Amino acid sequence: MAASERTTVAEGLPSAEELMLLLEQQDLMMESLVDEVSNCKKIIAELTAQIEDQEAVPTTSKASMGEMRRDISGALRTIDELRDQERALEAEIERMKSEEQASSPLKAVDELRTQMREAEFERDRISRELAAEKAERDRMRFRVEEVR
């Protein structure tokens with residue numbers, strides 16, 4: 004991609020392709036977060052089954068809970084970073100839109116805005132899932148303490 008395709012020389016603005024690449028990268032990050040949440044759900048299901056079957060938590064489960072806690076913390080940090088990136092992209096798009104001289108917005112900007120809204124919705128959904136997983140983990144931790 005030539006420099007003139009990436010940014011306008013006079014304004015130094017990123018092109019629609021660059022913004023699209025950033026959104027695609029966010030989508031990939033969100034997909035990995037969804038996978039991470041799925042793994043946490045599996046671990047919680049396994050731990051719940053162990054508690055119900057044995058009324059005790061084996062030592063390996065404690066290690067798994069620690070790993071899960073680290074995974075969830077990492078996922079939450081990543082979500083915060085994605086939010087910051089998304090806000091920056093939204094601000095850049097708004098700035099580009101306000102500088103336009105034409106009365107109608109560019110089709111690419113509209114598509115980017117739509118994709119950003121979808122990404123924001125997905126991010127919020129993942130955040131809610133993580134919060135639910137954290138509550139479930141806390142409930143299990145309380146249950147483990149009761150069993151002891």
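For what it's worth, the working numbering labels the leading residue of the sequence shown as 4, then goes sequentially. All C-beta atoms in this analysis are idealised placements derived from N, C-alpha and C, irrespective of residue type, glycine included. As the structure is a prediction and not an experimental result, all values here were calculated from the model.
Does the Cβ-Cβ distance between residue i and residue j come in under 8 Å?
| i | j | result |
| --- | --- | --- |
| Glu123 | Glu84 | no |
| Leu115 | Leu26 | yes |
| Lys44 | Glu136 | yes |
| Ile47 | Val147 | no |
| Ala19 | Ala111 | yes |
| Leu16 | Met99 | yes |
Apply the 10 Å Cβ neighbour rule to residue i and answer buried if 16 or more other Cβ atoms are within range, or exposed otherwise.
| i | result |
| --- | --- |
| Arg126 | buried |
| Val150 | exposed |
| Gln28 | exposed |
| Ala162 | Residue 162 falls outside the range modelled here, since the chain spans only 4 to 151, and no answer is possible. |
Using C-beta distances below 7 Å, list every residue in its chain close to residue i, excluding the 5 sequence neighbours before and after it, in chain order.
| i | result |
| --- | --- |
| Thr81 | Met32 and Leu36 |
| Met71 | Cys43, Ile46 and Arg140 |
| Met119 | Leu26, Glu89, Leu92 and Glu93 |
| Ala13 | Confidence in Ala13 is poor, its pLDDT being 43 and thus under 50, which makes the residue's placement unreliable; the coordinate value appears in the next sentence. Cβ neighbours of Ala13 beyond the five flanking positions: none. |
Pull up the CB-CB distance for residue i and residue j, whole angstroms please, since I reckon it's below 8 Å.
| i | j | result |
| --- | --- | --- |
| Asp74 | Glu39 | 6 Å |
Kindly list the residues whose CB is nearer than 6 Å to the CB of residue i, restricted to its own chain and excluding five residues on each side of it in sequence; keep chain order.
| i | result |
| --- | --- |
| Arg144 | none |
| Arg142 | none |
Using a Cβ-Cβ cut-off of 8 Å (strictly less than) and excluding sequence neighbours within five positions of residue i, which residues of its own chain qualify?
| i | result |
| --- | --- |
| Ile96 | Leu22, Val112, Leu115, Arg116 and Met119 |
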